[in-house]
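Protein chains in written order, with this note's numbering: chain X, 36 to 151; chain L, 46 to 154. From the three backbone atoms N, C-alpha and C, an ideal C-beta is built for every residue, glycine too. Inspection log for the structure reproduced underneath, given as structure tokens.
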């Protein structure tokens, strides 16, 4: 158990809908990262938050947004869903702003999103 | 901008060594390595920062050549537990993160 909690574990929804994925980081971790893993696109970094502020942005679509709340949990909002958004969405956390030799990045078990 | 990994797949016998390479077209600030087993989340192995080389685990080490924008992961005396897909992750000097194409490693008895 990495200590990073993601909900829901599985989600099936229709095209055009909106979903919210939730992530609780490890206790004491200030950074939250979101990743998407799909068969055709592999593993992609979406966005990072550090202590409530956006820190780095990757290949995140405009239809997607995220935020980190004062209690440090984070939510990834996916809207106007398309079939191609079907993927495994991982959240990860670190204590500091970047992984380092003394600052391991821990992943949650992921949220499986299926868009039908 | 996605780093290219080679080989795409490798099969080893227990005790053999392997090298996985990661090559980027952009100037890099750091390289991370991860292992992912089927159906599980990735596990962070180590990070290499510009200007340094880092050893993360006993028999798994890595190097980072900043000038060539390349990193290599070395697995020595492989064990069955090393099987999985290995990804490199890169952070370039523009603070963009990318994952490599992945290398499937299978260790057989």
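Cross-chain neighbours of residue i in chain L, by beta carbon under 9 Å
{"i": "residue 77 of chain X", "result": "47, 132, 144, 145, 146, 147"}
{"i": "residue 47 of chain X", "result": "Ordered by position in chain L, no residue passes the 9 Å Cβ test against residue 47 of chain X, which lies about 18 Å from the chain."}
{"i": "residue 104 of chain X", "result": "Ordered by position in chain L, no residue passes the 9 Å Cβ test against residue 104 of chain X, which lies about 22 Å from the chain."}
Closest Cα partner of residue i within the set the options
{"i": "residue 60 of chain L", "options": "L:70, L:137, L:125", "result": "L:125"}
{"i": "residue 92 of chain X", "options": "X:68, X:121, X:76", "result": "X:68"}
{"i": "residue 86 of chain L", "options": "X:133, X:148, X:36", "result": "X:36"}
{"i": "residue 129 of chain X", "options": "X:41, X:74, X:60", "result": "X:60"}
{"i": "residue 86 of chain X", "options": "X:102, X:48, X:50", "result": "X:102"}
{"i": "residue 103 of chain L", "options": "L:123, L:147, L:47", "result": "L:123"}
{"i": "residue 80 of chain L", "options": "L:72, L:90, L:139, L:74", "result": "L:90"}
{"i": "residue 44 of chain X", "options": "L:84, L:136, L:70, L:95", "result": "L:84"}
{"i": "residue 95 of chain L", "options": "L:121, L:82, L:138, L:120", "result": "L:138"}
{"i": "residue 131 of chain L", "options": "L:58, L:62, L:67", "result": "L:67"}
{"i": "residue 153 of chain L", "options": "L:62, L:53, L:48", "result": "L:62"}
{"i": "residue 112 of chain L", "options": "L:54, L:118, L:88, L:71", "result": "L:71"}
{"i": "residue 39 of chain X", "options": "X:80, X:63, X:76", "result": "X:63"}
{"i": "residue 121 of chain L", "options": "L:65, L:133, L:105", "result": "L:105"}
{"i": "residue 119 of chain L", "options": "L:54, L:65, L:110", "result": "L:65"}
Chain-ordered neighbours of residue i on chain X, where CB pairs are closer than 8 Å
{"i": "residue 110 of chain L", "result": "Those do not exist, as residue 110 of chain L stays about 19 Å from chain X at its closest Cβ, beyond 8 Å."}
Neighbouring residues, chain L, relative to residue i (Cβ below 7 Å)
{"i": "residue 153 of chain X", "result": "For chain X, the structure presents residues 36 to 151; residue 153 of chain X sits outside this window and is missing."}
{"i": "residue 95 of chain X", "result": "Residues of chain L passing the Cβ test: none, with the nearest at roughly 11 Å."}
{"i": "residue 99 of chain X", "result": "Chain L residues near residue 99 of chain X: none, gap ~16 Å exceeds 7 Å."}
Cβ-Cβ separation, residue j to residue i (assumed contact under 8 Å), whole Å
{"i": "residue 7 of chain X", "j": "residue 114 of chain X", "result": "In this structure chain X extends from 36 to 151, so residue 7 of chain X is not present and cannot be described."}
{"i": "residue 144 of chain L", "j": "residue 148 of chain X", "result": "In fact, because the Cβ distance is near 19 Å, the residues do not count as touching under 8 Å."}
{"i": "residue 150 of chain X", "j": "residue 117 of chain X", "result": "6 Å"}
{"i": "residue 150 of chain L", "j": "residue 128 of chain L", "result": "6 Å"}
{"i": "residue 145 of chain X", "j": "residue 111 of chain X", "result": "Contact flag wrong, Cβ pair sits at about 12 Å."}
{"i": "residue 107 of chain X", "j": "residue 46 of chain X", "result": "Not quite, the Cβ-Cβ distance comes to about 23 Å (not below 8 Å), so this is no contact."}
{"i": "residue 42 of chain L", "j": "residue 92 of chain L", "result": "Any question about residue 42 of chain L goes unanswered here, given that chain L covers just 46 to 154."}
{"i": "residue 69 of chain L", "j": "residue 114 of chain L", "result": "5 Å"}
{"i": "residue 50 of chain L", "j": "residue 148 of chain L", "result": "5 Å"}
{"i": "residue 146 of chain L", "j": "residue 73 of chain L", "result": "No, residue 146 of chain L and residue 73 of chain L are not in contact; Cβ-Cβ is about 16 Å, not under 8 Å."}
{"i": "residue 89 of chain X", "j": "residue 82 of chain X", "result": "7 Å"}
{"i": "residue 125 of chain X", "j": "residue 70 of chain X", "result": "4 Å"}
{"i": "residue 72 of chain X", "j": "residue 143 of chain X", "result": "That pair is no contact at about 12 Å."}
{"i": "residue 109 of chain X", "j": "residue 141 of chain X", "result": "14 Å between Cβ atoms; not a contact."}
Amino acids of chain X, ordered along the chain, whose beta-carbon sits closer than 9 Å to that of residue i
{"i": "residue 140 of chain L", "result": "90, 91, 92"}
Under 8 Å by beta carbon: chain L residues contacting residue i
{"i": "residue 125 of chain X", "result": "86, 87"}
{"i": "residue 139 of chain X", "result": "89"}
Heavy atom of the ligand NAP within 6 Å of residue i beta-carbon
{"i": "residue 67 of chain L", "result": "As presented, the structure is devoid of all ligands, the ligand NAP included, so that no description of it is given."}
Fully enclosed by the stretch 126-153 of chain L, which beta strand (DSSP E) runs are 3 residues long or longer?
-> The stretch 126-153 of chain L contains these whole beta strand (DSSP E) runs: 129-137, 142-144, 148-153.
Ordered list of beta strand (DSSP E) runs contained in the stretch 50-108 of chain L, each at least 3 residues | If you keep only unbroken beta strand (DSSP E) runs of at least 3 residues inside the stretch 50-108 of chain L, you get 54-58, 63-68, 73-81, 88-94.
At 3 residues or longer, and completely inside the stretch 110-135 of chain X: list those beta strand (DSSP E) runs for me, N to C.
-> Residue ranges of uninterrupted beta strand (DSSP E) with 3 or more members, entirely inside the stretch 110-135 of chain X and ordered along the chain, are 122-129.
Which ranges does the beta strand (DSSP E) cover as unbroken runs of at least 3 residues, wholly within the stretch 38-65 of chain X, from first to last along the chain?
-> Restricting attention to beta strand (DSSP E) runs no shorter than 3 residues, the stretch 38-65 of chain X encloses them at 40-42, 45-48, 54-59, ordered along the chain.
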